[in-house]
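This note's numbering applies: residue 437 is where the sequence shown begins, and numbers increase by one.
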Amino acid sequence: MADTNEEITLTAEEAASLRQGYRYCPRCRSEMVDRLAYGRLRRVCSDPECRFVQFIDPKVGAAVLALSDDNRVLLVKRNADPARGSWCLPGGFMEVGETPKMTAIRECQEESGYTVEITGLVDVYYYENYRGSGVLIMYKGRVVDGAAQAGDDAEAVAFFSPDELPENIAFQSNLATLAAWREGRI
Ligand SMILES: [Zn+2]
Numbered sequence: 437m438a439d440t441n442e443e444i445t446l447t448a449e450e451a452a453s454l455r456q457g458y459r460y461c462p463r464c465r466s467e468m469v470d471r472l473a474y475g476r477l478r479r480v481c482s483d484p485e486c487r488f489v490q491f492i493d494p495k496v497g498a499a500v501l502a503l504s505d506d507n508r509v510l511l512v513k514r515n516a517d518p519a520r521g522s523w524c525l526p527g528g529f530m531e532v533g534e535t536p537k538m539t540a541i542r543e544c545q546e547e548s549g550y551t552v553e554i555t556g557l558v559d560v561y562y563y564e565n566y567r568g569s570g571v572l573i574m575y576k577g578r579v580v581d582g583a584a585q586a587g588d589d590a591e592a593v594a595f596f597s598p599d600e601l602p603e604n605i606a607f608q609s610n611l612a613t614l615a616a617w618r619e620g621r622i
């Protein structure tokens with residue numbers, strides 16, 4: 437999810453400042469101000485009684501290298517930014533109440549129509565882009581059921597053999613994972 441096609445590299449502070457800092461305290465409705473707190477500049481409630489601090493954290497997502505029994509990889513073509521029009525591994529952001537594995541399985545189902553069984557962990561990636569920073573947990577999995585049905589932020593679904601991958605693949609994490617797979621390292 438580090439954007440390869442439209443990569444904008446930001447420092448963590450720059451990325452954080454572009455994300456939604458509160459104007460008013462969600463706890464007491466006083467104005468929020470930039471103030472040094474816990475070692476860096478943060479949005480802090482101006483009411484000294486309240487002192488609510490807004491922590492802008494990385495988003496956590498999960499994706500899956502989902503393989504068919506004949507060793508082809510499931511990719512989805514994105515119909516939304518970032519990286520609209522590029523192919524990527526199915527994945528997305530975690531929701532409250534689900535584990536990272538559940539996220540990967542759900543996102544694969546929503547985007548591709550296929551049910552995947554998680555078989556291992558590939559790697560954990562960190563990225564920064566114009567939307568902020570994030571951690572992506574990349575799993576390996578086996579396609580066990582379903583049929584191609586593009587949905588959510590995907591407009592097409594296809595399986596590719598290691599030597600027939602499309603040229604326009606999005607995100608450094610996806611490129612690194614697919615390279616490792618092609619080279620037989622995972
Ligand atoms: Zn407050």
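Even glycine gets a Cβ: it sits at the ideal position worked out from N, Cα and C.
Next item on the list: Ignore the nearest five residues each way along the sequence and tell me which others in Ser482's own chain have a CB closer than 6 angstroms to its CB.
Entry: Ser466, Glu467, Val469
Notebook entry, point to check: Between Lys537 and the rest of its own chain, which residues show a CB-CB distance below 8 angstroms, the 5 nearest in sequence each way excluded?
Noted result: Ala498, Ile554, Tyr575
Checklist line | Whole-angstrom distance between Cys461 and Asn515, CA atom to CA atom | finding: 36 angstroms
Check: So Pro526 packs on Glu547, CB below 8 angstroms; how close in whole Å?
Finding: 5 angstroms
Check: Would the segment 557–570 and the segment 600–613 be scored as touching if the rule is three or more Cβ pairs under 8 angstroms?
Finding: yes
Check: Roughly how many whole angstroms lie between the Cα atoms of Arg459 and Cys524?
Finding: 36 angstroms
Check: Contact check, Pro598 vs Arg618 under 8 angstroms by CB: the rounded distance?
Finding: 5 angstroms
Next item on the list: Use the C-beta contact count for Cys464: other C-beta atoms within 10 angstroms, 16 or more gives buried, fewer gives exposed.
Entry: exposed
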